[in-house]
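Chains as they are written, first to last, in my numbering: chain A, 295 to 461; chain B, 251 to 847; chain C, 66 to 170.
Encoded as C-alpha cells, the structure appears first; notes follow it.
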Amino acid sequence: MSSLLPWLFSAIMLGFACAVVLNRNPVASALSLVVSFLALAGLYVSLNAFFIGVIQVLVYAGAIMVLFLFIIMLLDLKAEERRTLNTTATLGGLLVAAIFVCELFSVLRHFHKGSLPFPPLAAGPLDDVRGVGTMLFSNYNLPFQVIGALILVATVGVVVLSKRELK
Amino acid sequence: MDESSLPWIILLAPLVSVAVIVFLTQGSRTISAGVSILAVLVSFVASCLVFHAPDPAGVNQITWLDFPALHVPIGVTIDQLSKTMLIVVTGIGALIHIYSAGYMKGDDGESRYFAGLSLFMFSMLGIVLANNFVMMFIFWELVGVSSYVLIGHWFFRDAPPAAANKAFITNRIGDFGFMLGILMLWLATKSVVFTEIEKSLGVSKFENLNLTAATLLIFCGTIGKSAQFPLHVWLPDAMEGPTPVSALIHAATMVAAGVYMLARVFFLVQASPDAQWVIAFIGTITSLMAASMAIQQNDIKRILAYSTLSQLGYMVMAIGMLSKEAAMFHLFTHAFFKALLFLGAGAVIYGMHHEQDIWKMGGLGKKMPLTCATFAVGTLALIGCPGFSGHFSKEMILAAALSGSKWTFAAALATAFLTSFYMVRLFVVVFLGEPKTDAAKHGHDAPPVMALPLVILAIPSFLAGYGFFISHFVPLHGTEAPGFVSLFAFLAFASGAVMAVLLYRGKKEDPIHIGLLANKYYFDEIYAALIRWTQELLARQCGRFDRWVLDGLVRLLSGGTYAAGFALRSFQVGNLQAYAFLFGAGIVAFLWYVVSK
Amino acid sequence: MNLNDYLAVSGLLFAIGFAGVMLRRNIIIIFMCLELMLNAANLSLVAFSRFHVSAAGLPDYNGQMLVFFIITVAAAEVAVGLAVIVSLYRARRTTHVEDITSMKF
C-alpha cells in the first residue's frame, strides 16, 4: 500500500470527525460519522488488521449507524436553530482538549522507538482471521462468554426500556 | 459418715434447698416451706454433731484457684468460735424458719421468701465456716444479696425496694474497703488464708502503718455489714422487710457477721493499737447514738432496729477494747433475746393486722398473754435485768469499756440507761394501759406455729448468761467484773426502767418531743444533701466536659463534613457537560502529573 | 506512517470527540462523539498491535482482541443508550442536555 494512503485516510477521518461535531443537522452528523468510520476501517487495513477493518465496516458503519439514523428519524429531529454558544463551556472544552493534545505530543516527542518504521511481518498472505479466532476461543474464551451474557442483558434492557412508559 | 464431710453438709443443705425451691417447687408454697425448714434442720443437726465432736486436727479444704502468687482454697474452719456461731445461726435460723411458715402463710411470694431464707442460711454459714478472706468475701456479698432479696420481698410497695437498694448500696461502700483491706493483706503476706496470715504476722513482715491501714479497711466491712456509724443508716430502713427476716438477718445473725469477722481476724486487731482505738471509738459512738435515737421512735420494729445498732456498737467497742470474749458473749446472748423480741414484735404486728405504730396499740398484755410474757423476758434480758442473760454479757461489756477509759465507760453506762428507758417505754406503751385503737381491742395471740419459737427462744434468752450454759460456747476464763461495775449497771437499768414507767404509764401520746432524736440526727437528710451536692458538682463538671470538649469534637467533625459537603455541592450543577468537563479536566490534570514526573 | 503518527492521529480524533461532547447540546450528537472517542482508543490499540510483532512475524493479536471486545460492548452500549434517549424523549419531549437538569443542586 502506498505510504500516502494512510495519511489520506487520516485526513478524511479527522475531517469528517470535525464535520460530526460542527454540523447542525443530526442526519448530516450521522452520515459524516459513517464516512469517518469508513476511513478508520481503511486505517485498520493499512495496519494489516483486515479482520478488525471488516468488523468496523459491518458493525459500526453498518449496524450502529443505521441505529443512529433510525433514532434520528424516529424522534424526527430537525436541524437545531442557531443557539448562542455557552462561551465558558466552549472555552473550557477546547482548552481541555488542547491541553490533552499538547500533553500527547510532548509524550510522543520523547518516545523515539515509536518514530521508527513498523517491524516487517512474515512474508506471504496474513491469515489474521485464523489468529484472531484461535485466540478468541482459547485465551479469551471466558471474556467471550461474558460478553455474550452482556449482550443478552442489553437486549432485555432495551426491550424493558422501550416497553415502559417513563413518567 | 466421715466427720470431715459434716461441715460441707451444713453448708450445702440450704443451697440444695434453694435449688429445689427455685427449680421444682416454686408452684407449691407449702412444699417450699417444708423443703427450706428441712434443710435448716439438717444443718442444725449436723452443727450439733460438729459441736460435740473434738476440734479436727487437719486442714479441711479443697483447692479452688491455684496461681503462683495466689492460692485460694475453699475450706472450713472448725474451732470454738465457728462452732458457737454455727449453733447460733442454725438454731435461731431453724426457729425463725418455723415461725415464718406461720407468719408468711398466704403470702403470694412464699416460695420466693423461703428460697431467699435458704440462700441467706447458705451464705451466712459460708461466712462462719470460711477459712480464708476470699471465700469469706464471696459469702459476705452473697449475704448482702440475700438480704437485698428479703428486704425487698414486698417489692410492689414503695418503701421496701428503696430500703433494699439503700441496704445494698450502703453495704457496698463498706465492702469496697473490706476488699481493699484483703488486697493489702494479700500483697503483704502473699496469702489469703487466716492461719497463714496470722503466721506471717508473727514474722512481722510489714510496717506498722500498713497494718493499721489494712486493719481499718477490713473494719470497713464490719462498719457496713454491722451497720456501725457512719454507715448505720440502712439498718432501720431494712425493717421494711418481713418481720422474721428482720429477726434473723437484721438482728441475730447477719449484722453480727461483722463482729464475728473481727473476732475471726482478732490477731490483726491485736497487732495494731491505732486501729483498736478507732474501732472502740466507732463502737462507742454507734451504741450511744443509736440508743438515743431509739427513745423517740414510734415504730415498734424501728425501736428494735436502733436497739440492735446500739448493741452491735457494744460488741464492736468490746472488740476494740481487745475483749473478744465479751463481744462474742454479748453476740451470743443478744442473738437469742433480740430474735425473741423481733419475733414477739412480729406476733404483735400479726395480731394487730400489720399495724406497727406503738401509739396505736396498748393494753395488749391481756389480749396476748403468751406474746406479752415472752416479750417481757426478751426486754428484761436486753436491758440487763439481774438474773437474765443480758445482764451477764452487758456487765462484761461494761468491764471491757472500763479497761479503755472512764469516758468510754460513761458512754457505755449512758447507753445502758437509754436502753433500759426505751425498752421499758416500748413495753409499757404496747402491753400495758388501755387499748388505744379498735385493732388493739381485738388483738389476739399468734397461732402455735409462731408461738412455739417464741417459747423456745425465751429459754436461752433467760439462761444463756449463766456459767453452766455459756461455758460450752464462749470460753470466759474467769474474767470477773469489779463489783462497782455491777452496781453501776444495776443503777443504769433501774433508773432507766423506773423513769420510763413513770413517764409513760397511762399516756395516750408521747409526752416528750426531741426533734433531733426523732429525726435520727438528720443523718438521712445530711447524706441525701451530701450526695446530691457531690452528684450535682460531678454532673456539672461532666456536663461541662461533655458540652465543650466532646460536643466540640463532634461539632468540629460534623461542621467539617457539612462544610465540605456544602463546598462540593456547588459541583452538582446538573449539567451533563459540566460533569464531562470536570471529568476530562481531572484526567488531563492526572496525565500532566504522571507525564511531568 | 509510523507508530507515533498513528498515535497522534488517534489522539486528535479523541480530542475532537471530547470537544464535541463539550460543545454540542444535542444528546444524540454527544453520543456520536462518544463513539468517536471509543474509536480513537481502538485505533491506538490496533497500531500497538501492529507495532508489537511476534517472532513468527505476526502482529500481537491481544490488542486486536481488545478492539473486538470494545466494538461488541460499544454495540450493546449504543443499543441501550439509544433506548434511554428514546424514553427520555418520550418523557421530556427534548434531546437537549440543557433542558435536563433534574439533578441540579
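We put the beta carbon where it would ideally sit given N, CA and C, even for glycine.
This structure is a prediction, so every number in the text was calculated from the model and none was measured.
Assignment of T687/B by DSSP, reduced to helix, strand and coil, places it in the coil class. F310/A is classed as buried because its beta carbon has at least 16 other beta carbons within 10 Å across all chains shown.
In this structure, K656/B is the residue among T624/B, K656/B, Q822/B and V519/B with its C-alpha nearest to the C-alpha of T534/B.
In chain A, no part has a C-beta under 9 Å from the C-beta of S167/C; the shortest such distance is about 12 Å. By the criterion of at least three beta-carbon pairs nearer than 8 Å, the stretch 412-432 of chain B is not in contact with the stretch 296-312 of chain B.
Using a Cβ-Cβ distance cut-off of 8 Å, the stretch 590-600 of chain B and the stretch 620-627 of chain B are in contact, since at least three pairs of beta carbons, one from each stretch, lie closer than that value. When C-beta atoms of the stretch 401-416 of chain A are compared with those of the stretch 91-110 of chain C, fewer than three pairs fall below 8 Å, so the two segments do not count as touching. Just so you know, the alpha carbons of V509/B and P480/B end up roughly 16 Å apart. Against A141/C, the close residues of chain A are L444, I445 and A448, in the order they occur along the chain (beta-carbon pairs closer than 7 Å). If you draw a straight line from the Cα of F638/B to the Cα of I762/B, it comes to about 30 Å. Listed in chain order, the non-local C-beta contacts of L420/A below 7 Å within the same chain comprise N342, local neighbours out to five positions each way being set aside. Within the stretch 378-397 of chain A, contact with chain B at the beta-carbon level (separation under 7 Å) is assigned to A383, G386, G387, V390, I393, F394 and E397.
Residue nearest to A139/C within the set L402/A, F362/A and L369/A is F362/A (criterion: CA-CA distance). Think of a sphere of 8 Å around the beta carbon of M367/A: no beta carbon from chain C falls inside it, the nearest being about 11 Å out. The beta-carbon distance between I545/B and F671/B, rounded to whole angstroms, is 6 Å. This is short enough to meet the 8 Å contact definition. Straight-line measurement puts the Cα of R115/C at about 37 Å from the Cα of A828/B. Taking 8 Å as the CB threshold, Q827/B lines the interface with chain C. Cα atoms of G654/B and M567/B: separation of roughly 10 Å, rounded to the nearest angstrom. Per DSSP, the unbroken beta strand (DSSP E) holding D316/B starts and ends at N310 to D316. DSSP lists T313/B as the beta-bridge partner residues of P323/B.
Using a Cβ-Cβ cut-off of 7 Å, F405/A is close to N69 of chain C, given in chain order. Approximately 6 Å separates the beta-carbon atoms of I348/B and I287/B; this is inside 8 Å, confirming the contact. Minimum Cα-Cα distance from Y353/B among the listed residues E446/B, V495/B, R407/B and L726/B corresponds to V495/B.
Pairing F659/B with K644/B, the inter-Cα distance amounts to about 12 Å. For G834/B, the nearest CB of chain A lies under 8 Å from its own CB, placing it at the interface with that chain. For chain B, none of the residues of the stretch 99-122 of chain C brings a beta carbon within less than 7 Å of one of its beta carbons. A540/B and A789/B have their C-alpha atoms some 34 Å from each other. Between N310/B and P264/B, the C-beta gap is not smaller than 8 Å, which leaves the two residues out of contact. The DSSP assignment places no complete beta strand (DSSP E) segment of no fewer than 3 residues inside the stretch 505-583 of chain B. The stretch 590-677 of chain B contains, as complete alpha helix (DSSP H) runs of 4+ residues, the segments 614-617, 619-633 and 639-654 (chain order).
By the Cβ neighbour-count rule, T462/B is buried, with 16 or more other Cβ atoms within 10 Å of its own. Sorting S373/B, P410/B, V268/B and V804/B by C-alpha distance to the C-alpha of L392/B places S373/B at the top. For S400/A, the chain B residues whose C-beta falls within less than 8 Å of its own C-beta are V845, listed in chain order. For S304/A, the neighbours in chain C by C-beta distance under 7 Å run, in chain order, V74. In the structure shown, H161/C adopts extended strand secondary structure according to DSSP, grouped into three states. The residue from A269/B, E253/B, V322/B and G325/B with its alpha-carbon nearest to that of L299/B is E253/B.
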